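Q: Under my numbering, residue 253 is the last one in the sequence shown; the count climbs by one each step, no gaps.
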Amino acid sequence: YHFSYSRQGQPAQQRSVTLHFEAERLARIEVGDLPSERDFVASISRIKPATKPAPPLELTPEQRKSGLAAWLGWMFDGLDMHLYGLVSGPFVAILLHEQGLIESSKNLADKMVVERSGWIQAAMLFGWALGGGFFGRVGDMLGRSRALSLTILTYALFTGLAYFAQSWWQLLIFRFLAGLGIGGEWAVGSSLLSETWPKRWRPWIAAVLQTGVNIGVILAGLAAAALGGMQNIVAAGVVGALAGGCLGLFF
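#1: Under three-state DSSP, which class holds residue 32?
#2: Is the segment 182 to 189 in contact with the segment 148 to 161, if contact means three or more CB pairs nearer than 8 Å?
#3: Compare the beta carbon distance of residue 246 and residue 137 with 8 Å and say whether it is the shorter of the two.
#4: Just to check my reading of the structure: residue 235 and residue 88 have Cβ atoms closer than 8 Å, yes? What is that Cβ distance to the nearest angstrom?
#5: Of all the options 223, 187, 230, 241, which has the alpha carbon lying nearest to the alpha carbon of residue 71?
#6: Between residue 207 and the rest of its own chain, which residues show a CB-CB distance below 7 Å, the 5 nearest in sequence each way excluded?
#7: Give the range of the alpha helix (DSSP H) segment to which residue 109 is assigned.
#8: In whole angstroms, what is the alpha-carbon distance linking residue 189 and residue 81?
#9: Rounding to the nearest angstrom, what Cα-Cα distance links residue 3 and residue 201 in this structure?
#10: Taking all protein chains shown into account, decide if residue 92 is buried (16 or more other Cβ within 10 angstroms of its Cβ) or exposed.
#11: Return the residue from the list 73, 170, 230 that minimises the CA-CA distance to residue 119.
#12: By Cβ distance, which residues of its chain are closer than 8 Å to residue 104, with the 5 residues on each side in sequence left out?
#13: Need the endpoints of the alpha helix (DSSP H) that residue 187 sits in, please.
#14: Identify, in the order they occur along the chain, each residue of the same chain with its Cβ nearer than 8 Å to the Cβ of residue 204, setting aside the five sequence neighbours on each side.
#15: Can you have a look at residue 129 and say buried or exposed, based on whether 16 or more other CB atoms are within 10 angstroms of its CB?
#16: If we count the other Cβ atoms within 10 Å of its Cβ and call it buried at 16 or more, is residue 62 buried or exposed?
#17: Within 10 angstroms of the Cβ of residue 241, are there 16 or more other Cβ atoms? Answer buried if so, exposed if not.
#18: Entirely within the segment 134 to 169 and at least 4 residues each: give me those alpha helix (DSSP H) ranges in chain order.
#19: Are residue 239 and residue 110 closer than 8 Å when you measure CB to CB?
#20: Given this structure, state the Cα-to-Cα distance separating residue 107 from residue 100, to the nearest angstrom.
#21: Please return the same chain residues whose Cβ sits closer than 6 Å to the Cβ of residue 125, not counting the five positions on each side in sequence.
#22: Tell me where the alpha helix (DSSP H) around residue 66 begins and ends.
#23: Would you tell me roughly how many angstroms separate the C-alpha atoms of residue 211 and residue 143, rounded to the nearest one?
#24: For the alpha helix (DSSP H) that contains residue 311, what are its first and last residues?
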């Protein structure tokens with residue numbers, strides 16, 4: 003059934019409608035039974051489009067749990083990154099002195115201390131960059147929740163082992179592997195929330211997730227001011243790593 007119509011001030015519009023009838027009814031239908039063009043357009047205009055119900059505001063326990071795990075994991079990452087930055091110079095100087103590579107562990111301006119500290123920090127950042135892609139792939143194979151737990155356990159394990167490093171190159175390896183977990187935690191955690199949380203919550207949770215690392219940096223500064231001394235600060239980092247490891251096992 004084909005027709006055209008126009009509204010005032012608008013060009014004519016073409017409409018094509020296909021009417022389906024059973025074979026017997028089609029044999030009995032008469033032309034006069036078809037609606038007029040005016041009646042047909044009027045009936046079409048009264049049809050209201052279907053509206054989708056608004057998504058629910060309530061979050062399921064699983065969604066709350068995943069959001070908390072991702073936020074706490076990112077907070078512990080910020081704690082670790084800043085704590086290590088506060089003690090990296092003295093830590094590396096002590097290791098180099100114990101290896102007999104420098105005369106005094108108190109000379110933080112020594113060229114070798116500065117150079118090795120830079121290499122160790124670069125290794126951590128390189129691991130951070132690789133961790134996002136590596137654990138992203140792990141998440142595709144094992145699932146986001148399991149991959150998130152693995153990233154937190156990786157960061158926690160090698161941050162704790164860094165405390166027992168006996169040479170600067172051992173510390174470099176541990177920091178590189180910890181960087182894998184740090185980089186993977188953000189990639190997997192943000193992907194998990196974007197896939198599981200309701201659409202209207204995603205901009206909000208992305209902003210809240212980013213606050214985790216900043217709160218971790220603040221806690222690191224407070225811990226350094228309260229504890230003082232390199233050994234105490236490093237121990238605080240190990241405690242944070244253990245807490246992160248328990249978090250990974252729990253979630």
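Glycine residues also receive a C-beta, built at the ideal position from the N, C-alpha and C atoms. The model shown is predicted, which means the values in this text are computed figures rather than measured ones.
A: Taking the coordinates as given:
#1: Because the pLDDT at residue 32 is just 48, under 50, the model does not fix this residue reliably, and the value given afterwards should be weighed accordingly. It is coil, neither helix nor strand.
#2: yes
#3: no
#4: 6 Å
#5: 187
#6: The answer, listed in chain order, is 69, 195, 199.
#7: Neither: residue 109 is in no alpha helix (DSSP H) and is coded neither H nor E.
#8: 18 Å
#9: Note that residue 3 has pLDDT 43, beneath the 50 cutoff, so the model's placement of it is unreliable and the number below is only indicative. Answer to the nearest angstrom: the Cα atoms are 42 Å apart.
#10: buried
#11: Selected option, being the one with the closest Cα: 170.
#12: Only residues of its own chain outside the window of five on either side were considered, and among them 95, 98, 112, 114, 115 have a CB closer than 8 Å to the CB of residue 104, listed in chain order.
#13: Boundaries of the alpha helix (DSSP H) harbouring residue 187: 170 to 198, taken from the DSSP string.
#14: Residues 195, 196 of the same chain have their beta carbon placed closer than 8 Å to that of residue 204, with the five preceding and five following residues left out of the count.
#15: A residue is called buried when at least 16 other Cβ atoms come within 10 angstroms of its Cβ; residue 129 meets this threshold and is buried.
#16: exposed
#17: Taking all protein chains in view, the Cβ of residue 241 is surrounded by fewer than 16 other Cβ atoms within 10 Å, so the residue is classified as exposed.
#18: 146 to 164
#19: No, the Cβ-Cβ distance between residue 239 and residue 110 is not below 8 Å.
#20: 8 Å
#21: 174, 177, 178
#22: 63 to 100
#23: 24 Å
#24: Absent from the structure is residue 311, since the part of the chain shown begins at 3 and ends at 253.
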